[in-house]
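Order-wise, the sequence lines are chains A and B.
Going by the working numbering, the letters in the first sequence line up with residues 1 to 557, in that order.
Going by the working numbering, the letters in the second sequence line up with residues 1001 to 1310, in that order.
Just below is one structure, and these are the notes that go with it.
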Amino acid sequence: MKKFLVFLLMAFAVLVLAACTANENAGEDPEEEEPATDEGTETEEGPDADDEAGEKVLHINNTIEPTSLNPSIGFDAVSWDPLNNLMEGLTRLDQDSKAAAGAAEDWDISEDGLTYTFHLREDANWSNGDPVVAEDFVYAWKLMLDPATIPPSPAAFLAYFIEGAESFNNGEGTADDVAITAVDEKTLEVVLAAPTGFFLDLLTNPAFFPINHKVAEENPTWHAEAESFVANGPFKLESWEHNSEMVFAKNPEYWDANTVKLDKVHFAMVNDNNTQYQMFQSGELDTATIPAELSDQLIDGDNVYIGNTGGLEFYRFNVNEEPFQNKKIRQAFALAANRQDIAEFVVKNGVEPAFAFVSPGFTTPSGEDFRDVNGELVPYDPEQAKQLLEEGMAEEGYEKLPSIVLSYNTTDTNKAIAETLQNMFSENLGVDVTLENQEWNVFSEAQKNLELQFSRSSFLNDYNDPVNFLESFITDSYMNRTGWSNAAYDELIEKGKTEKDEEKRWEHLYEAEKLLAEEMIIMPIRYYNTVVLEADNISGILRHPVGYFDLKYADKQ
Amino acid sequence: MLRYILKRLLIMIATLWIIITVTFVLMISIPGSPFNSEGSSNATVQANLEKHYHLDEPYYIQYLLYLKSIVTLELGPSIKQPDQTVNDLLGRGFPISFELGILTIAVAVISGITLGIFAALRHNGVIDYVAMGLAVLGISVPNFILATLLIQKVAVDWDLLPVATWSSPAHMILPILALATGPMAIIARLTRSTMLEVLTQDYIKMARAKGLSPWKIIIKHALRNALMPIVTIMGTLLAGILTGTFVIEKIFAIPGMGKYFVESINQRDYPVIMGTTVFYSAFLIFMLFLVDIAYGILDPRIKVHKRGGE
């Protein structure tokens, strides 16, 4: 009996000890004790309470841990949204979402449009006091392009516009062939492979941020912890508790520090849509997204920000699979989809239906919107759709249409859209398509290998130019995934990338989009948008159609 | 005893090896790649990444590389979070999951056994019905529903506790409640039924006849025997809860290790899949071993080491 009691006692002691030590560890974590105090003021006072000592602390949610804060390695929004506020490239998107001077004060472009000479700001410094020098950009860009970097950069292809970049990245060339040179401490020269009208825009992308080469040469993992992180942007990384939270503080070394109004930014990592909304309700977060179930209820509120996002949701026709080798049959399916209804009643959240491919928000050289200039290319027209289907079937000699499987990766919204499409095809064309859903990775692999007949897809712009998306469909592009190849289209895209005269370049892009609509190798569904709930006392957060959010001008009353 | 433990250790290692091998075969047979993201990419970039992670090597070489990484306990960097090794991820996540788990188990065991005893003593009385009603509710309401409900009521509507994250004792109350209710209900029901059975045994009557006080009979004679089935379920329960729970950790934004079990597979993050599998299996096997030892202590009729010696 005693033995049993001793066992019970010991078991209890172990429990208590384990709990206590775990507690101590949590407290001891080097990062900081701050969350406890933060939380204290907030739960009591709600969203209006300013944090301790009147500091302006913005509380936002990063969803999950950033993949990496090494600029060219973390190729996703969870890494590049925070990074965009810690760092600054040669150019930075301004309040009109245009590329403006960033770490570079100004630049010269040669006659032939190939050589860019950037003059860095004299007062651009790193958070440790080092000056931002041209060598920092050379170091960072070569690191992005080096196939032997550990790990290799998934974003390296964005830099292929630079002379010698592609061959270095695919192992044919060397680092010395890449045409980026530090002329002197504050002058950087870049030679491009071909004229690229949107190069300055491209440079706002976080993949092109500099790395303090002195720090990185000494400590290659400088970007993994807050203690060793050096920033050159509006904020610096004050603390980082992995998988849990990051705290940014205003960076006094930033050249434009006077513009920055916030003292601190607290990034939570909450990956549950309902929870982050509930945290917004209780004042633990200053911004939040709208959970799908509450969309109807909240979307019209005064505290909702809705903005364009460069990107398209669409379905790919596989032109190697019957019946989609026939252009008219492809057109018939696209015209039979009532995208207005899909946007309004299925996706909701204020999204725009897509009646063409390039999303609204790309400004032409003459200041108009690309979308307005090129107009509606893929209307909803069930009558014509029916006729096209008949013509197409006659061309192919079909008595009965071969069976069609529409595939999507498993999510609630994708399922709802697919079911709606199934219904529309049945109603407008009298065709019964079968639905099939797969886990994302399985689906994506099958789509890449052209195993799917008619499948869902999406695209989000990496840089602010229509060619970014249109280029996907050139022959043998990694993003093509339709089996389609068209020499005229390839040529239009080539010109749309390298034409020196901007007006003419955009003309080629209009043509390319029209050709895409004529051939109809993809069926557009809807454009993306950004919908954010913001507390009343928050202002000045910049959300660009293409790019990552910017807190430089943000304020909290 | 020593011989028994040694024998068990050898069996554990063999079991682990089988688990690792089966996991590897499953892992490579599901289609997909860790680099399938919804964003743009390019063939050269993909090839560079595959080469770096040895995914272009034949499978037997990949298998040997994994075995090596497991034997040396150096699981290498996660593919999805390349700045962190799998050891870092598990090393940071496990203490948090363990903390949540151990507190949950403590709450579940103490309240479950107490409820069970009172229900058995007042068999078919009001306490019994209330306790068992609670237990049925606890088993049938999934913890993620309970979690959402608790957040909405306690944190949002009444503003008594914070909604989520894991930064102070106040943050721990809701997740522990949500997580403990299910196991508590199971333990309460088990305790009640075994107590009822034990209380009718002759040795209890004997103890009563000797004039022992009722509480002494319950604690010393009845409960000790009634605990056996609870110890049985404890092994799996401990391993399951201590290594983190995907749903509760996600809802409450707790940085534990639960998410890695699910997300590593969705993302085909091979080193993390291996790491979580090996860690969980080793932990579960060890817990089951502890349970076997505990049997011997609770019930002198079970002599584990004797079997080993025969």
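No residue lacks a Cβ here, since even glycine has one placed at the ideal position from N, Cα and C.
**Prompt:** Are the C-beta of H1052/B and some C-beta of chain A separated by less than 8 Å?
**Reply:** As a working note, residue 1052/B is residue 52 in the second sequence. Yes, H1052/B counts as interfacial toward chain A.
**Asked** Of the residues that make up the region 291–324 of chain A, which ones have a beta carbon closer than 7 Å to any beta carbon in chain B?
**Response** none
**Message:** Taking 8 Å as the cut-off, does the region 1133–1150 of chain B touch the region 1168–1181 of chain B (at least 3 CB pairs, one atom from each stretch)?
**Reply:** yes
**Item:** Cutoff 8 Å: N1124/B Cβ touching any chain A Cβ
**Value:** One-based indexing of the second sequence puts residue 1124/B at position 124. Taking Cβ atoms only, chain A never reaches closer than 8 Å to N1124/B, which makes this a no.
**Prompt:** Any C-beta of chain B sitting closer than 8 Å to the C-beta of N441/A?
**Reply:** Position 441 of the first sequence, counted from the first residue, corresponds to residue 441/A. It does; some Cβ of chain B falls within 8 Å.
**Request:** Compute the Euclidean distance between the alpha carbons of V140/A and T204/A, then round it to the nearest angstrom.
**Result:** Translated into the one-based positions of the first sequence, residue 140/A becomes position 140. Translated into the one-based positions of the first sequence, residue 204/A becomes position 204. A small correction: the amino acid at residue 140/A is Ala; Val does not occupy that position in the sequence shown. Distance between the alpha carbons of A140/A and T204/A is about 14 Å.
**Prompt:** Would you say G1039/B reaches chain D, if we count a Cβ-Cβ gap shorter than 8 Å as a contact?
**Reply:** The displayed structure is made up of protein chains A and B, and chain D is not among them.
**Item:** Opposing strand residues paired with T187/A [DSSP bridges]
**Value:** Along the first sequence, one-based indexing puts residue 187/A at 187. According to DSSP, which records beta bridges pairwise, T187/A is partnered with H119/A, D184/A.
**Request:** Between the Cα of A343/A and those of V133/A, R526/A, G547/A, D146/A, spot the shortest distance and give me the residue it belongs to.
**Result:** Taking the first sequence and counting its residues from 1, one reaches residue 343/A at position 343. The shortest Cα separation from A343/A among V133/A, R526/A, G547/A, D146/A belongs to R526/A.
**Asked** Should F473/A be flagged as near chain B, meaning a C-beta pair shorter than 8 Å?
**Response** As a working mapping, residue 473/A is identified with position 473 in the first sequence. No - not a single Cβ of chain B is within 8 Å of the one on F473/A.
**Message:** Only counting the same chain, and skipping five residues up and downstream in sequence, which positions put a Cβ closer than 6 Å to that of T498/A?
**Reply:** Residue numbering aside, residue 498/A sits at position 498 when the first sequence is read from its first letter. Hits under 6 Å: A194, P195.
**Message:** Taking 8 Å as the threshold (beta carbon to beta carbon), is S1033/B in contact with chain A?
**Reply:** In the second sequence, counting from the first residue as 1, residue 1033/B sits at position 33. For S1033/B, the answer is yes, since a Cβ of chain A falls inside 8 Å of its Cβ.
**Asked** If you count every other CB in all the chains shown that lies within 10 Å of the CB of D1269/B, and 16 or more means buried, which is it?
**Response** On the second sequence, position 269 is the one that residue 1269/B refers to. Flag for D1269/B reads buried.
**Asked** Under 8 Å, do Y398/A and A337/A count as touching if we go by C-beta distance?
**Response** Position 398 of the first sequence, counted from the start, is the residue given in the question as residue 398/A. Position 337 of the first sequence, counted from the start, is the residue given in the question as residue 337/A. For Y398/A and A337/A, no; Cβs fall outside 8 Å.
**Prompt:** When the Cα atoms are used, what is the spatial distance from Q384/A to L335/A?
**Reply:** Within the first sequence, the letter at position 384 stands for residue 384/A. Within the first sequence, the letter at position 335 stands for residue 335/A. Their Cα atoms are separated by approximately 7 Å.
**Request:** Please list, in chain order, all residues of the same chain as S228/A whose beta carbon is under 8 Å from its beta carbon, the five residues on each side excluded.
**Result:** Taking the first sequence and counting its residues from 1, the one referred to as residue 228/A is at position 228. Once the five neighbours on either side are set aside, the close Cβ partners of S228/A are V215, N219, T221, W222.
**Prompt:** S458/A bridges to which residues according to DSSP?
**Reply:** Within the first sequence, numbered from 1, the residue matching residue 458/A stands at position 458. E313/A.
**Request:** Use the C-beta contact count for E426/A: other C-beta atoms within 10 angstroms, 16 or more gives buried, fewer gives exposed.
**Result:** As a first step, residue 426/A must be located in the first sequence, where it is residue number 426. Per the sequence shown, the amino acid found at residue 426/A is Ser instead of Glu. With fewer than 16 other Cβ atoms within 10 Å, it is exposed.
**Request:** Could you tell me how far apart the beta carbons of S244/A and M269/A are, in whole angstroms, since I believe they sit closer than 8 Å?
**Result:** In the first sequence, residue 244/A corresponds to position 244, counting from 1. In the first sequence, residue 269/A corresponds to position 269, counting from 1. Right, the Cβ-Cβ distance comes to about 6 Å (below 8 Å), so this counts as a contact.
**Item:** For R1122/B: DSSP bridge partner residues
**Value:** Within the second sequence, residue 1122/B is the residue found at index 122, counting from 1. Note: R1122/B sits in no beta bridge, so no partner.
**Asked** Can you pull the DSSP bridge partners for S407/A?
**Response** The residue you call residue 407/A lines up with position 407 of the first sequence. The partner list for S407/A (beta bridge, DSSP) reads E436/A, S455/A.
**Beta carbon proximity, Y478/A to chain B, threshold 8 Å** = Locating residue 478/A in the first sequence gives position 478, counting from the first residue. By this cut-off, Y478/A is an interface position.
**Asked** Which bits of chain B does T287/A rub up against, with CB to CB less than 7 Å?
**Response** Within the first sequence, residue 287/A is the residue found at index 287, counting from 1. The contacting residues do not exist; T287/A stays about 15 Å from chain B at best.
**Asked** Shorter than 8 Å from the beta carbon of M523/A to some beta carbon of chain B?
**Response** Stepping through the first sequence from its first residue, residue 523/A is reached at position 523. No, its Cβ sits nowhere closer than 8 Å to a Cβ of chain B.
**Message:** For K500/A, which residues in the same chain have their Cβ closer than 7 Å to its Cβ, ignoring the five residues on either side in sequence?
**Reply:** Counting from 1 along the first sequence, the entry for residue 500/A is found at position 500. Answer for K500/A: G113, P195, listed in chain order.
**Prompt:** Going by C-alpha distance, which of Q95/A, V190/A, A156/A is nearest S539/A?
**Reply:** Walking along the first sequence from the start, residue 539/A turns up at place 539. Closest option to S539/A, Cα to Cα, is Q95/A.
**Request:** Tell me whether the beta-carbon of D286/A lies closer than 8 Å to the beta-carbon of K556/A.
**Result:** Mapped onto the first sequence, residue 286/A falls at position 286. Mapped onto the first sequence, residue 556/A falls at position 556. Result yes, Cβ atoms of D286/A and K556/A sit closer than 8 Å.
**V1163/B vs E293/A beta-carbon contact at 8 Å** = The residue you call residue 1163/B lines up with position 163 of the second sequence. The residue you call residue 293/A lines up with position 293 of the first sequence. Not closer than 8 Å, so no.
**Request:** Count the other CB atoms, across all protein chains shown, that sit within 10 Å of the CB of N578/A; report buried if there are 16 or more and exposed otherwise.
**Result:** In the structure as shown, chain A starts at 1 and stops at 557, and residue 578/A therefore has no counterpart that could be examined.
**Request:** Give a yes or no on whether 8 Å exceeds the smallest Cβ distance from M269/A to chain B.
**Result:** Your numbering for residue 269/A matches position 269 in the first sequence. Yes, its Cβ sits closer than 8 Å to a Cβ of chain B.
**Request:** Answer yes or no: does any C-beta atom of chain B fall closer than 8 Å to that of M393/A?
**Result:** Looking up residue 393/A in the first sequence gives position 393. It does not; no Cβ of chain B falls within 8 Å.
**Asked** Are the beta-carbon atoms of S472/A and S407/A separated by less than 8 Å?
**Response** By one-based count along the first sequence, residue 472/A stands at place 472. By one-based count along the first sequence, residue 407/A stands at place 407. Against a cut-off of 8 Å, the Cβ pair of S407/A and S472/A comes out as no contact.
**Prompt:** Of the residues K1250/B, W1166/B, F1286/B, which one's Cα is nearest the Cα of I1096/B?
**Reply:** Locating residue 1096/B in the second sequence gives position 96, counting from the first residue. When each option's Cα is compared against that of I1096/B, the closest is W1166/B.
**Prompt:** Mapping DSSP to helix, strand and coil, what is R481/A?
**Reply:** Against the first sequence, residue 481/A aligns to sequence position 481. Residue state, collapsed to three classes: coil.
**Request:** Please name the residue or residues paired with W240/A in a DSSP beta bridge.
**Result:** As a first step, residue 240/A is located in the first sequence; it is residue number 240 there, counting from the start. W240/A pairs with M246/A.
**Prompt:** In three-state terms, what does DSSP make of P252/A?
**Reply:** Your numbering for residue 252/A matches position 252 in the first sequence. It is coil, neither helix nor strand.
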